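Input: a single structure, listed below in structure tokens.
In the numbering used here, the protein residues as written are 129 to 269.
Written out as structure tokens, the structure is:
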């Protein structure tokens, strides 16, 4: 059950991070008609004013490749019960936590940030449960 929950979270974050990152990156290209995107997918240019970026290209690529890629890798390794599945899951969980933390420092708060921060916390928590962090320690040790 715990493994299934972790796999589900990893898949969800992987797919949405890759999709969101690609929308950000492609939408930042000159000549792209942003009016075809729904209003909720159009990111305001003023969000970039407090950041080191002039377009959403680099943040979009970072979101897709780093956050989405790590979650995709963690998902595949956990699905196949690979040797580095736990390490990949930890890296993926912390990557979304860092991403959201940095985002909250640079742009206004949104409920989506809270949801993904919660997903990152859940990933790390589920991983700890899978690793047996709650196992009882024998008395006398």
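Just so it is clear, CB atoms sit at the ideal spot from N, CA and C, and this is done for glycine as well. Predicted model only: the values in this text are computed from it and were never measured.
{"Item": "Compute the Euclidean distance between the alpha carbons of residue 145 and residue 264, then round it to the nearest angstrom.", "Value": "37 Å"}
{"Item": "Decide if the stretch 232–246 is in contact with the stretch 200–213; the criterion is three or more beta carbon pairs, one per stretch, under 8 Å apart.", "Value": "no"}
{"Item": "At a cut of 8 Å, does the stretch 146–161 reach the stretch 210–222 through at least three beta carbon pairs?", "Value": "no"}
{"Item": "State the CB to CB distance for the pair residue 189 and residue 153, rounded to an integer number of angstroms; the pair is presumed to be in contact (CB under 8 Å).", "Value": "5 Å"}
{"Item": "Which runs of the alpha helix (DSSP H) at least 4 residues long sit entirely within the stretch 168–201? Give them in chain order.", "Value": "185–190"}
{"Item": "Tell me whether residue 145 sits in a helix, a strand or coil according to DSSP, three-state version.", "Value": "helix"}
{"Item": "Within its chain, find whatever has a CB closer than 7 Å to the CB of residue 156; leave out the 5 residues flanking it on each side and keep chain order.", "Value": "183, 184, 185 and 188"}
{"Item": "For residue 170 and residue 226, what's the separation of their Cα atoms in angstroms?", "Value": "23 Å"}
{"Item": "Quick one: grab the DSSP three-state call for residue 247.", "Value": "helix"}
{"Item": "Along the chain, which unbroken stretches of the alpha helix (DSSP H) at least 4 residues long are found entirely within the stretch 200–242?", "Value": "213–234"}
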